[in-house]
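Protein chains: 2
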Amino acid sequence: MSSNTATVLVSEVGPRDGLQSLARTLPTAAKLGWISALHAAGLREIEVGSFVPARLLPQMADVAEVVRHACTLPGLTVMALVPNLRGAEAALAAGVHKLTIPVSASAAHSLANVRKTREEMVDEVRRIVALRDEQAPWVPIEAGISTAFGCTIQGSVPEDEVVRLAQQLVAAGVDEAGLSDTTGMANPAQVRRLFNRVRAAIGDRTGAAHLHNTRGLGLANCLAAYDVGVRTFDASQGGLGGCPYAPGASGNVVTEDLVFMFEAMGVSTGVDLHRLMAARRELQQGLPGEPLYGMTPEAGLPEGFAYADGRPAAPEAWS
Amino acid sequence: MSSNTATVLVSEVGPRDGLQSLARTLPTAAKLGWISALHAAGLREIEVGSFVPARLLPQMADVAEVVRHACTLPGLTVMALVPNLRGAEAALAAGVHKLTIPVSASAAHSLANVRKTREEMVDEVRRIVALRDEQAPWVPIEAGISTAFGCTIQGSVPEDEVVRLAQQLVAAGVDEAGLSDTTGMANPAQVRRLFNRVRAAIGDRTGAAHLHNTRGLGLANCLAAYDVGVRTFDASQGGLGGCPYAPGASGNVVTEDLVFMFEAMGVSTGVDLHRLMAARRELQQGLPGEPLYGMTPEAGLPEGFAYADGRPAAPEAWS
């Protein structure tokens, strides 16, 4: 790869955000196979699960085993979501490489989701940072500011409050604060404006864009975030997860389409699209009949497609 | 509307590009009702049909009657596609307000599609301009440069050839030359680069962006075009038309999602989303069972949505 090639990090959140939104549980063996296939496709950061009580999210009951497996995959940053100190203790004990903590920008969503005020969540983040500093100072902590672009409970979320929360989280010791369009309400103008404001406030502690495709704007919003300097993008294979409505209205940005967009633009993701498509099979075998979305998997790669780093696309079809 | 509000023109191409791609024919009465409903939603430019021999496209056999009806709708620019001089004669006789002529940038596509070389098509455009100048000098002529971003027959299309063709078309007398991603191969970086190059060559004769959603990049490409000054966007209700693959992989950019994106960004389209959704019913009644796409129609408008010009969204659901 030329050193001049622009690059982004696509952070795969399907094994956490995708699977936890399903009523069914993907069997552990299939989950391990899927994560291995995602890694084989070139993904270098995967959110493999969340450390929450199994009675709340039985789909995540095997998270410690999943983390141990993922940690054997070379070059992979194994990330897990932790909603509180107890989860962080378990995640660090399991050996995760990176923690992500969801913190709602919407006061109403914070109470509904974690039964804590935003201030109480910042305090919890501070406790997690202290634990990390003591036990595993090499583990970065990301805060994902959820409902940053709007909330289905309270409606609009003041941008000033999002910026202030990002500052509070950095003051509490997080390494990065990203912005999440939890409810699929963001638009490109807002994405640019809010990421610019957050970057002005916390500089290079500005973290990932976690954007949804609820109203079809997922890739446009990712482009908008890229335009203002964001270089880490959450996405989910097959658009799994988020808040699905009717067929086609998936929640998370589809990893396959996001990778295609960036590579076609000449921005390298390091991901091989054929292998990424192949990883869908692991998921489909483990969850027969579960609908997977994505336009690029349906249409295939266009004639003459080449990766940003110059690799030609293999000629064979993947399906 | 504040005079400071940015605006775009959404040009609805469903009655032409959408309907001509279907095997079934929408009955004339339903077609007229649909066009009236699109107009009632606030659309101010509609490509109502194409003037081609009925034996080639029976779906367009009623185009003259459709034009006459559309011309009764106040404030509407009634556009029709004409592939040649004979079509232009019929279109002008029917009373269209604007002509659009497809001209392939791909040498291979031009031969396959209209059995003419690109040079022969430029000559045909010159003849159509002469006819227009003589018979209806008030009728603007747009050339739509198809396969501008790539071609399924020949693969990539050199940008230099697209720019040169745009210059030749302006020299031939067209009022605007737009760029069409006929095959769904465009990416945002390419859209910005090529529209910038064309604008540098032909200035404000640069016309509409006609972009497809084949690989999910439709709205991202529209955003990219908007960023470099494009203000007219072709779209199709329900994503009808283009080159549909499997479900969800519609061809044309979905009008509903495009209008939502711009309005959410604070860019006024003049379109009422509830009425636009209502227009889907006209189409569905005339073509029962035909799949219509669109994420915004599935998800609904988000909490607190307001139009760019300040109108609040009506609270009632449209479906």
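In order, the protein sequences belong to chains S and D. To convert a position in the first sequence, counted from 1, into our numbering, add 593. To convert a position in the second sequence, counted from 1, into our numbering, add 593. Ideal placement from N, C-alpha and C gives every residue a C-beta, glycine not left out. Values in this document were obtained by computation on a predicted structure and should not be read as measured data.
Beta-carbon proximity check, residue i vs residue j, cutoff 8 Å
i                        : j                         : result
leucine 631 of chain S   : alanine 872 of chain S    : yes
leucine 804 of chain D   : valine 846 of chain D     : yes
valine 732 of chain D    : histidine 690 of chain D  : yes
valine 852 of chain D    : leucine 866 of chain D    : yes
alanine 698 of chain S   : glutamate 735 of chain S  : no
alanine 779 of chain S   : asparagine 814 of chain S : yes
alanine 741 of chain S   : serine 773 of chain S     : yes
serine 739 of chain S    : threonine 710 of chain S  : no
proline 905 of chain S   : glycine 743 of chain D    : no
arginine 790 of chain S  : valine 756 of chain S     : yes
glycine 887 of chain D   : alanine 599 of chain D    : no
glutamine 830 of chain S : leucine 787 of chain S    : no
aspartate 820 of chain S : arginine 798 of chain S   : no
glycine 748 of chain D   : threonine 807 of chain D  : no
leucine 636 of chain D   : leucine 812 of chain S    : no
alanine 828 of chain D   : serine 861 of chain D     : no
valine 645 of chain S    : proline 608 of chain S    : no
valine 656 of chain S    : serine 643 of chain S     : yes
Counterpart residues of residue i in DSSP-defined beta bridges
i                         : result
aspartate 774 of chain D  : The partner list for aspartate 774 of chain D (beta bridge, DSSP) is empty, contrary to what the question assumes.
leucine 602 of chain D    : D:Thr825
proline 905 of chain S    : S:Ala899
threonine 799 of chain S  : S:Ala770
asparagine 845 of chain S : S:His805
valine 784 of chain S     : Paired residue(s): none; valine 784 of chain S is not in a bridge.
valine 860 of chain S     : S:Ala599
For residue j and residue i, the rounded distance between their alpha carbons
i                         : j                         : result
alanine 634 of chain D    : serine 629 of chain S     : 50 Å
valine 606 of chain S     : threonine 618 of chain S  : 16 Å
glycine 863 of chain S    : valine 603 of chain S     : 9 Å
glycine 668 of chain D    : glycine 688 of chain D    : 15 Å
glutamate 932 of chain S  : leucine 816 of chain D    : For chain S, the structure presents residues 594 to 912; residue 932 of chain S sits outside this window and is missing.
serine 810 of chain S     : leucine 674 of chain D    : Checking the sequence, you will find leucine at residue 810 of chain S rather than serine. Looking at the two C-alpha atoms, the distance is approximately 30 Å.
glutamine 761 of chain D  : aspartate 716 of chain D  : 10 Å
arginine 708 of chain D   : aspartate 610 of chain S  : 51 Å
alanine 623 of chain S    : glutamate 640 of chain D  : 50 Å
glycine 897 of chain D    : proline 781 of chain S    : 17 Å
glutamate 638 of chain S  : threonine 825 of chain S  : 10 Å
glycine 737 of chain S    : arginine 648 of chain D   : 59 Å
asparagine 706 of chain S : glutamate 727 of chain S  : 28 Å
alanine 839 of chain D    : proline 884 of chain S    : Because the pLDDT at alanine 839 of chain D is just 35, under 50, the model does not fix this residue reliably, and the point stays unresolved.
alanine 616 of chain S    : alanine 654 of chain S    : 14 Å
asparagine 597 of chain D : alanine 818 of chain S    : 25 Å
glycine 626 of chain D    : methionine 672 of chain D : 17 Å
glycine 777 of chain D    : glycine 766 of chain S    : 45 Å
glycine 882 of chain S    : proline 890 of chain S    : 17 Å
alanine 899 of chain D    : alanine 700 of chain D    : 46 Å
arginine 719 of chain D   : methionine 854 of chain S : 38 Å
alanine 892 of chain S    : leucine 650 of chain D    : 25 Å
arginine 868 of chain S   : glutamate 856 of chain S  : 15 Å
leucine 750 of chain S    : glycine 903 of chain D    : Looking at the sequence itself, residue 750 of chain S is valine, so the reference to leucine does not match. C-alpha separation (whole angstroms): 18 Å.
alanine 686 of chain S    : isoleucine 746 of chain D : 56 Å
glutamine 878 of chain D  : alanine 684 of chain D    : 28 Å
serine 614 of chain S     : glutamine 613 of chain D  : 40 Å
glycine 822 of chain S    : valine 601 of chain D     : 26 Å
arginine 874 of chain D   : proline 620 of chain S    : 43 Å
leucine 704 of chain S    : methionine 870 of chain D : 35 Å
glutamate 752 of chain D  : glutamine 783 of chain S  : 32 Å
leucine 758 of chain S    : alanine 759 of chain D    : 50 Å
threonine 670 of chain S  : glutamine 652 of chain S  : 21 Å
aspartate 768 of chain D  : aspartate 768 of chain S  : 54 Å
Under 8 Å, with one C-beta from each stretch per pair, do the stretch 775 to 794 of chain S and the stretch 847 to 866 of chain S reach the 3-pair mark? no
So does the stretch 711 to 726 of chain D actually touch the stretch 654 to 666 of chain D, counting three or more Cβ pairs closer than 8 Å? no
At 4 residues or longer, what runs of the alpha helix (DSSP H) sit wholly inside the stretch 682 to 760 of chain D? 700 to 707 and 711 to 728
Is the stretch 670 to 682 of chain D close to the stretch 691 to 699 of chain D, with three or more CB pairs under 8 Å? yes
Ranges of the beta strand (DSSP E) found wholly within the stretch 609 to 685 of chain D, counting only runs of at least 3: 638 to 643 and 670 to 674
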